Every structure is written in structure tokens, then in C-alpha cells.
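**Student:** Residue numbers (our numbering), protein chains in the order written: chain A, -9 to 423; chain B, -9 to 423.
Glycine is no exception: its CB is placed at the ideal position from the N, C-alpha and C atoms.
Small disclaimer: the values here were computed from a predicted structure and weren't measured.
Can you keep this structure in mind? I'll have questions shortly.
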């Protein structure tokens, strides 16, 4: 393959956490990697394409560390309901009817929304994962995929699901030019009995893969865990051996000091899902305490049925806003920290060491937002604007693995009209089945 | 003037609070009024233009009930700071330098952002209000304007500012084809001594105008009010006679039960500003309690320096989300209620009886959002999508007083390129003065 090398000039680049969080200058991309970024013009080489980046703010692609993409088919199907009514009368009966086709079109709808909105990597835990992987392969997005397994079933069925999860993880790890990695994912401690849960830990050891699960999303499930096992969820999962593997838990809303200390000691990541936690009234995670303790906290949208969109700019902003309001401290989660949660910490949380930052040697997963718009003026602090003022719809261009997948707001890799049609049709069919 | 009558067919119309919150059918507009809305086709009249509304969701225009438009010039200028540092080191020194020109371009930037984002009416409390009124006149937006007066000055200066506020209110009330109304607005009980505050109450009586002020935004100002006057702010303002006038207070974050009862008894509106209250870490207003008590609660963005955008969809969503998360009740502030806060209750709060709803006899202030987008599919519950999934940038068309002001996302009444340039230039000049 011929080397593809190009340089952006006049760009502004977001490097949160550095001395100069918005750098103006040059970035060079060679094939799938960023090879240079700096204020000084790189040495001229004939044949290298130069692209003008004026009027654009370049950011690392956003990393969505928890979700169920296919659930976009249930967006708006049962809002403003009590949690158990929502689950038992709305979500579960519909999800039971999901076929591989439904998962394919629901995931396509979500991936299209994520790409157009600047998300370049997403974690997905669901069923019919082969179909999800197909969408990832086709669309050009990067993802960490896993069959999420609920253990409320016969032992035979449990073993069948476990085998499916293992097979999927083994088959797809490293596929799609390395854009797909996999994890092992029992759904939650309250949906998987201990003896079943430990089989996943063993599988993760056997395959040398990290683990992911839902944990401590609601107060009720924490109380149930204590009643059933005499332990709060963190100690319970520690006892089952999960944290002997690199691990990420979703939600972590209800944690005490001791639990935060255990998570920090094992460097277990927490995917904070502020939109979903607020909408389902689960509560507000202790994010400032988690970060202070050194826990890698990243951001996730959760499924679109409890969000109700997959706009990671919104999750950044919610994270930056609600923890100020709750703590009474307007300096809590400043803009650069919110952005790192959505990028660098996100990548770290899902064990991708080469994405999440604009730096030489990193994968060329980056986005450009159009800053010449009323709500992004004046150009005072562009990093702050990206966090507090921008939205998914300000994304102009998206590159993943060095390939452009969104150009002037249009997705280059997916058939948007077909996906819109099929997603609507799938929803209507689900209602009638 | 020739009568301008037209009908939309195949539209979907949001009517929150009704039995059929999303109605499909026809809406007729005659000059500045909505004259028909219904599922049944209105009788055919020759010469009446028929417009196809497929793929669009029509909503009442959003009503932003508290803000300081010119402050958009300070967007991103000092975020993530302690409140007093932000005010004393950042906002006040810059605002002192604001000229009428700065107010003109800052307001233009904000009005442009609001129009493009579906806000058709805004309340503005600031200085150099003649320049604000000019922008309103030119842009086609509807507004309630007032000179906000801070009383930290000599008696002579106080009287000068009061006279200015009165003159402005008298001169501009009912102007711009009735799109401008005015109010009387002492800035806050903590910035206006009681003897000065009562002069505004008297002026409001003399001019028969409603009143607006900031109230109980921070815990500290409530404590200060008690220390200075022996009363909490609501009782203090009641004692000063403010509530003998139709009134709206901004923020109302720190209220006790007795204060809520007083506000309800006098039907004093509260402009809830969730984005600003979270960002400045002021706290979280008791919105569900206020609504339950019968207080008209509306939504405001506050100035862009503490928000940091003027996206009323975001305020709707924040209102619908945070009160669920705080109360632990996922049924709190359901989507139709959040939308009524941003439309119908907003209009009521600023004493406009003929805007805020899509109904015959109401002013033709309405917007259309493009629902054929990935994040707004499937078409399950479009009202819910408007609240939980949409953003300012989904607005396709805007009409105010029957005139189209935004078409396919472009503002028809303002020179966007000029405003962007002048706003940036104004900010740079302020930095150097």
C-alpha cells in the first residue's frame, strides 16, 4: 500500500492537560498515525498534501465507554416512567423480540449518529454481536465489543451464552484492521450468580482479555447485593476475582469511600453515564471523589433509550456541569478535565493505548469542529467552547485510523438514507410482532 | 397591507399538555396569527398558499425568560473559576468597559444564535438598552426588555439610572409592531437598597408595567439578606411591595417552603436557569416543589458567559434531567412539562398572553425542526425527541409574528458574517482597552 502522508496547516488543536491546551500550527498524518504536531512548520517534503485547517478546531475523537447501540430502535419508546415499569413493560418485552436484523439496523443508526457527532470509538455490550461487528467493519468506526450475558436462565443456557461470548471475543479481537478489540462481559453482579460470574473471570484469563460489567447503578441493587451476598458490589466483584483482570465498570453511582479505594487500588475504570443516570433517576456518581482517588473515569452515553441521544459533547458538558452544581464548587471538573474524560481517559479505560490524544505516534482518530458559528464566538477559549457550548452537530469532519469517515457533516462510509428507512421500519415491525 | 394567508399540510405539531400532544395535519397562518390547527383539512380557499410540512416537527417558538444578551462577548472568558473571582476579576472589569457599540454587537451575536436555535422571544436585562432594542427591531425577534439597575452608587447616580430605566420602558413599550414590551427591573435585592428598590415598584405602578429582578441565586446572598434586613429575600421583596405588581424573579435557587407559598400566592413567576446555576455552582432550584405549588416556572439561559450557549433545547433537557436525578423520581418533569416551561409557561411568566402555544388566535411564533435525522429516529414519540434528543442546531425554520426569520438554518434578517466579525473584533478591543 502506497504511503498516504498529509499535513494540516493553520489548524487549532486541543491538547487538554498540557501547558498550551490549544495549539495553533501543523499536524502531519501518515497512513493511520499522527506523526507530527507543533507550532513550527515541519520540513517540506515534495508530494505531501497540505490541507488548510483555518476555521476548524481539531480534537481527539470522542470515546464512548458504555452503551448498547442497538437500543436506539427504542429511543423515545417509554420515557418518564418508573424504572421497573420502563424495564418490565417497555424495554425487556421489545428487546426479547430483537432479531439479528434489528440489531444490525439499530446499531447502524447509532454508529451513524456517533460518527456524525464526533465519536470515533465506542464500547458495545449487547446480543447478536456478530451483526454489530459487521457494522463496525463497514463503517470505519473503532470499537470494543462484547456479548453481554444475563444469567437468569438454566445452567445449560448459561453455558451456551458463555460459549457464545467466548467465541465472539476470540473471533473478532484485532479484526477490521485492528479497529475491533473485545472484552468479556457478564451483564451485572445482580444478573449473574457468583458461580456463573467466575466462569467469565476464568475466560478473561484464558483469552487474556479485559472485563466489563454494570455495577452499582441503583441504590436498590446495592442493597440487594448486600442482602444476597453480605457484601457491597465492589467487594463482591473483588472476591469473585474480576479485578485480577484489567476491568471497567459502568455507572458506579452508589459507592462508599472504601469502594472507591478498592477501585483505585486495582485501577478499575468507571464509565460515568451522567445523562442516563439522571434520566433514570439512578442518582449522581461521586466523580470528583473518584478522580481524586486516581480512578480512571471516562464517559458513556448508555443506550439511546435512556439518554436519549448519543451526543458525547452533551455527556462532557453534563459531567462538567452537574458535579459543580452538586458540590457547590464551580472549579469542579473544569473543561480540560471533562474533555480528557471523553477522550484520553476513555481510551485508557478500554485499554487502547494509542488513541485519545493528538500526539505523534497516536492513531489518527480525530475530529474537526466548525468554530465560525455564533455560539462558538468570540474565540476566547476554544477548549472551553468545545465543552460548554458545542454539540454533536458542530462536527464538520471525522477521521478514524487515518481514513476520513465524515466530510462536511456527511458520512462517507454508510448509506444514511437506507439506515434511516430501515431503522424506522424495524421499529414499526417490532411494534407489530 | 395585503392579507398574507397560508396553510401547512402534512405537518406534525407539538401541543404539550393536550390529549394528543403530537397532532398531524394542518395549520393556517394569516398575517401575524395562527388561525387554524387540526387534523381535518380546512375549507379550500383559492389563492391560499399550501406548504408541505412533511419531515418537519412544528413547535411553539422557545421563550427565554432571563438573560443578558450582550454578555455573549464574554463567552469563555473566565470559566471554571470561583464565583467571586469570576465576577470581580473577569466579568465586572470587562463589563465596565462595554460601550453602546459592544452591547450592540454582543446582543446581535446572541440574537442571531437564539433565532437560529429556535428562540423566538427573549427577556433581556442590561445597560445601553436602546442599542438592544435596535437589534430587536431589526432582527424580527420578540422580546421583553428592561434596563437592569445596580444601586451601588451615589443617590444622584441612582436617580439618574432610575430615570433612564423609566424612560427606556416608556419609550419602547409596544414598539416594533408590538414585538417589544418592557418591564421595570432593579437588578437584585442585594444590589439595590430598600429605599431605592421601592422607587422601582412605584415606577412600575405609574407605568402599569411588570417587574423583574434576580433573587436567591446563591445561598450567600440569602444569608446576607437575613443579616441586613432580618428577612429572607421573598419576604423582603413582598414587604417592599414588588409583588403588588405582576412579577418574575430569576433563579430562585434557595427557597424554603414558606417562600414558595408566598410566590404561589402572588403568582410570581420563577425563571429557572439550570445551566447557569450548575456552572456557577449556585445549586439546584426546587422546581418540582415550585410547580406543585402552582408557581409559573419558565426557563432561561442567563448570559452566555455563565452557560455557555443560548440553546433553549439544552435548558429544557437539563430541567427534565436534573430534577429526576436529584429527586430519585424518573417521572419528575416529564417531557411535555419541560416543553411547556420553555414555551407556554415562559410566555405567561413575561405576561405575553398570545404566544407560547400553537392554537388559533395565538401569534404565529413557531419553529420547525428536521426530524429525518439519525438522532431523531425512530419516530416513536416526537415530543420526547424534541426534549431529550434535539438541539438548537436541528432547527430548520423559524417564524415570528408570521414572518419567516430563519429558512433552512440561515437567518434572513441579520447579516451573519458581519456580526461574527464585529463580535470577535469587539472582544479583542475590550481585551486591549
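Measure the alpha-carbon distance for residue 328/B versus residue 47/A and round it to whole angstroms.
**Tutor:** Whole-angstrom Cα-Cα distance: 33 angstroms.
**Student:** Taking residue 16/A as the reference, give the member of 350/A, 96/A, 151/A with the closest Cα.
**Tutor:** Residue 350/A is the option with its Cα nearest to residue 16/A.
**Student:** Are the stretch -7 to 0 of chain A and the stretch 20 to 37 of chain A touching by the rule of at least three beta carbon pairs closer than 8 angstroms?
**Tutor:** Yes: the two stretches touch, three or more of their Cβ pairs being nearer than 8 angstroms.
**Student:** So is residue 269/B buried or exposed if we call it buried at 16+ other beta carbons inside 10 Å?
**Tutor:** Buried, by the Cβ-count rule.
**Student:** Sort out for me which residues DSSP pairs residue 240/A with in a bridge.
**Tutor:** Answer by DSSP bridge pairing, in chain order: 204/A, 261/A.
**Student:** Using a Cβ-Cβ distance under 8 angstroms, would residue 25/A count as near chain B?
**Tutor:** For residue 25/A, the answer is no, since every Cβ of chain B falls outside 8 angstroms of its Cβ.
**Student:** For residue 230/A and residue 188/A, what's the separation of their Cα atoms in angstroms?
**Tutor:** Each residue's alpha carbon lies about 6 angstroms from the other.
**Student:** Determine the contact status of residue 283/A and residue 250/A, defining contact as a CB-CB distance below 8 angstroms.
**Tutor:** Yes, these two residues count as a Cβ contact at 8 angstroms.
**Student:** With DSSP run on the structure shown, which of helix, strand or coil describes residue 53/A?
**Tutor:** Strand, per DSSP.
**Student:** Could you list which residues in chain A have their beta carbon closer than 9 angstroms to that of residue 355/B, in chain order?
**Tutor:** Within chain A, no residue comes near residue 355/B; the closest Cβ sits about 20 angstroms away, beyond 9 angstroms.
**Student:** Under the three-state reduction of DSSP, which class applies to residue 350/B: helix, strand or coil?
**Tutor:** In this structure, residue 350/B counts as coil in the three-state DSSP scheme.
**Student:** Hey, could you find the ends of the alpha helix (DSSP H) residue 123/B is sitting in?
**Tutor:** Per DSSP, residue 123/B belongs to the alpha helix (DSSP H) from 119 to 129.
**Student:** Output the distance between the C-alpha atoms of residue 410/A and residue 363/B, rounded to the nearest integer angstrom.
**Tutor:** Using only the alpha carbons, I get a separation of about 7 angstroms.
**Student:** Quick check on residue 67/B - is its C-beta less than 8 angstroms from some C-beta in chain A?
**Tutor:** Yes, its Cβ sits closer than 8 angstroms to a Cβ of chain A.
**Student:** Specify the secondary structure class of residue 322/A as computed by DSSP and reduced to three states.
**Tutor:** Note: residue 322/A maps to coil in three-state DSSP.
**Student:** Quick check: is the beta carbon of residue 319/B nearer than 8 angstroms to any beta carbon in chain A?
**Tutor:** So yes, residue 319/B belongs to the interface.
**Student:** With 8 angstroms as the threshold, decide whether the Cβ of residue 233/B is near any Cβ in chain A.
**Tutor:** No, no contact with chain A.
**Student:** What three-state label does DSSP hand residue 20/A in the structure shown?
**Tutor:** Residue state, collapsed to three classes: strand.
**Student:** I'd like to know whether the C-beta of residue 365/B is nearer than 8 angstroms to at least one C-beta of chain A.
**Tutor:** Answer yes: the Cβ-Cβ gap between residue 365/B and chain A drops below 8 angstroms somewhere.
**Student:** Would you please verify whether the beta carbon of residue 419/A is less than 8 angstroms from any beta carbon of chain B?
**Tutor:** Chain B contact via Cβ: absent.
**Student:** Please go through the same chain and pick out, in chain order, the residues whose beta-carbon is closer than 7 angstroms to the beta-carbon of residue 92/A, but skip the five residues on each side of it.
**Tutor:** These residues qualify, in order along the chain: 60, 63, 416, 420.
**Student:** At 7 angstroms on the CB atoms, spell out the chain B contacts of residue 370/A, in chain order.
**Tutor:** Per Cβ cutoff of 7 angstroms: 65, 66, 67, 417.
**Student:** Tell me the DSSP bridge mates of residue 112/B?
**Tutor:** Answer is 54/B, 133/B.
**Student:** For residue 354/A, I'd like the list of residues in its chain whose CB is within less than 7 angstroms of its CB, leaving aside the five on either flank, ordered along the chain.
**Tutor:** Answer for residue 354/A: 19, 22, 23, 24, 389, 391, 392, listed in chain order.
**Student:** Cβ atoms of residue 300/A and residue 462/A: under 8 angstroms apart, would you say?
**Tutor:** Because chain A in this structure spans residues -9 to 423, residue 462/A falls outside the shown range and cannot be described.
**Student:** Nearest chain B C-beta to residue 130/A closer than 8 angstroms, yes or no?
**Tutor:** Not one chain B Cβ lies under 8 angstroms of residue 130/A.
**Student:** Counting only C-beta atoms, is residue -9/A closer than 8 angstroms to chain B at any point?
**Tutor:** Unreliable positioning characterises residue -9/A in this predicted model, as indicated by a pLDDT of 47, which lies under 50. A coordinate reading is not provided.
**Student:** At 4 residues or longer, and completely inside the stretch 282 to 343 of chain A: list those alpha helix (DSSP H) runs for me, N to C.
**Tutor:** Whole alpha helix (DSSP H) segments, 4+ residues: 302 to 317, 325 to 332, 334 to 339.
**Student:** I'd like to check one pair, residue 357/B with residue 7/B: are the Cβ atoms closer than 8 angstroms?
**Tutor:** No, the Cβ-Cβ distance between residue 7/B and residue 357/B is not below 8 angstroms.
**Student:** Using the C-alpha atoms, what's the distance from residue 72/A back to residue 340/B?
**Tutor:** Their Cα atoms are separated by approximately 34 angstroms.
**Student:** Is the Cβ of residue 59/B closer than 8 angstroms to any Cβ of chain A?
**Tutor:** Taking Cβ atoms only, chain A never reaches closer than 8 angstroms to residue 59/B, which makes this a no.
**Student:** Measuring alpha carbon to alpha carbon, tell me which of 413/A, 319/A, 383/A ends up nearest residue 400/A.
**Tutor:** Checked all of 413/A, 319/A, 383/A; the closest Cα to residue 400/A is 383/A.
**Student:** CA-CA distance, residue 361/B and residue 256/A?
**Tutor:** Roughly 45 angstroms separates the two Cα atoms.
**Student:** Please list, in chain order, the chain A residues whose beta carbon lies closer than 7 angstroms to that of residue 274/B.
**Tutor:** Here the neighbours are 315.
**Student:** Using three-state DSSP, classify residue 10/A as helix, strand or coil.
**Tutor:** It is coil, neither helix nor strand.
**Student:** Pick from 365/B, 136/B, 166/B: whose alpha carbon is nearest that of residue 155/B?
**Tutor:** The residue with the shortest Cα to Cα distance from residue 155/B is 136/B.
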